[in-house]
Amino acid sequence: MTAAAIDLAGAPSPEVYVGLVARFLRTHGELRKWAAGYGDLLPDSLLEPLCLMHVFHAPWQSADDLRLHNRMAAWLFALDNHAEGAATQAALDELVDRCRRVLDGREPEDAFGRCLRDIRAELRGSPLWPRLGSRWRDLLLETLAAMRAERLLRQRVDDGGPAPTVAEYLANCDNAEVRIAYFTYWLSMGGTALLDHPDVLMPALWEAQVATRWANDFRSAQRETAEPTALDFRLLGIAPDEALRLAHAAAGRCQRLLAPLVAASVPEALVLDRMARAVVGFYGVSDYRPEGRA
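Going by the numbering used here, the first residue of the sequence shown is number 2, and it counts up by one from there.
Here it is as structure tokens:
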């Protein structure tokens, strides 16, 4: 019996994947060690896929280059858990206020606040901080406001009011946390692209966030999770296939905006382009939380 031919077309060479695996192991080890300082705030089950995806988004970067990107993304997972776990609107408002107090320089009250304080303290060492630190704060506050608005919109639906329009839904998609995550990453990179090309990078980042929101919702629907405080496309009357199509469309808009900067090998554009191309495919088949909320 003749064995079937094995098609290796498109498979990465051993030299490529061995290097990526080694970088992932260093990155994951660093993040796990750091996360241990905050107790059980950051579930280890989320750290591994987070590091793996970031290594593939920026395979030329070292574990040290990815350090703040990984830490901020891990804290945002914790924020998401806290927000979804808040039993009432008042509890969510208190969470938002705790974050705001940390941003105002107040002493954090728990490991969650201490983690944010420590990330911000390290980020302040970026050469871009004097010019862009206030914008970073604004983006984080906009993320928190979007989480609060999502709860209010869902409550409106639960009280018998109208579902949000698609425009309302997308206007509030900072709760996908992509803009604050990648703005933090770009600040940590220390390059000048955010100053030189904000008219390209920021609109592209918004489209990447829209793509992520649609794709993440598609995966949540596939898992048939029940998050009674969250909004997703099912409340808008959109079918899963349409949500995935909209995710692909937003990712395409992101890629077209970034194309000139990608051609010029601008690092900030390269990492976002790779993320936008990966996120829809990733959520099409899996999730950072494949077994549900950690």
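All C-beta atoms, glycine included, are put in the ideal place defined by N, C-alpha and C.
Secondary structure of Arg27, DSSP reduced to three states: helix
Are the beta-carbon atoms belonging to Ala216 and Ala248 less than 7 Å from one another? yes
Following the continuous alpha helix (DSSP H) through Thr185, name the residue where it begins and the one where it ends. 179 to 190 is the extent of the alpha helix (DSSP H) around Thr185.
Can you give, in chain order, each stretch of the beta strand (DSSP E) that sits fully within the region 224 to 263 and has at least 3 residues? none
Taking the alpha carbon of Ile120 as the reference point, which residue from His83, Leu133, Arg214, Leu77 has its own alpha carbon closest? Leu77
Does the distance from the C-beta atom of Glu112 to that of Tyr18 stay below 7 Å? According to the sequence displayed, residue 112 carries Ala and not Glu. Not closer than 7 Å, so no.
Val281 in three-state terms, based on DSSP: helix
Within 10 Å of its beta-carbon, does Asp233 have 16 or more other beta-carbons around it, so buried, or fewer, so exposed? buried
Please report the distance separating the alpha-carbon of Leu117 from that of Asp98. 13 Å
Would you kindly check if the distance between the Cβ of Arg107 and the Cβ of Ala64 is under 7 Å? no
Relative to the C-alpha of Cys255, which residue among Ser46, Glu243, Glu85, Val211 is closest? Val211
So what does DSSP say about Ile7, is it helix, strand or coil? Three-state DSSP puts Ile7 in coil, outside helix and strand.
Go through its chain and collect everything with a Cβ distance to Ala177's Cβ below 6 Å, but skip five positions before and after it. Gln210, Thr213, Arg214
Mapping the DSSP letters down to three states, classify Ser135 as helix, strand or coil. helix
Please classify Ala122 as buried or exposed, where buried requires at least 16 neighbouring CB atoms within 10 angstroms. exposed
Pairwise C-alpha distance: Arg155 and Ala168: If I take the Cα positions, the gap works out to 15 Å.
What's the call for Thr144, buried or exposed, on a 16-neighbour Cβ count within 10 Å? Counting C-beta atoms within 10 angstroms of its own C-beta, Thr144 has 16 or more neighbours from the protein chains shown and is therefore classed as buried.
Given Arg149 as reference, the closest of Gln90, Asp274, Asp105, Asp139 once Cα atoms are compared: Gln90
On the CB-based measure, 16 or more other CB atoms within 10 Å of its CB, does Glu151 come out buried or exposed? buried
When you compare each of Arg72, Val22, Ala12 to Tyr183 by their alpha carbons, which one comes out closest? Arg72
With a threshold of 7 Å on Cβ separation, who are the neighbours of Asp274 within its own chain once the five nearest residues in sequence on each side are excluded? Gln256, Leu259, Val263
Alpha carbon of Gln62 to alpha carbon of Val56, nearest angstrom: CA-CA distance, Gln62 to Val56, rounds to 8 Å.
Among the candidates Val158, Leu93, Ile181, whose CA atom is the shortest distance from the CA of Ser135? Ile181
Measure from the alpha carbon of Val281 to the alpha carbon of each residue in Leu93, Glu208, His70, then state which is nearest. Glu208
Coarse secondary structure for Pro15, derived from DSSP in three states: helix
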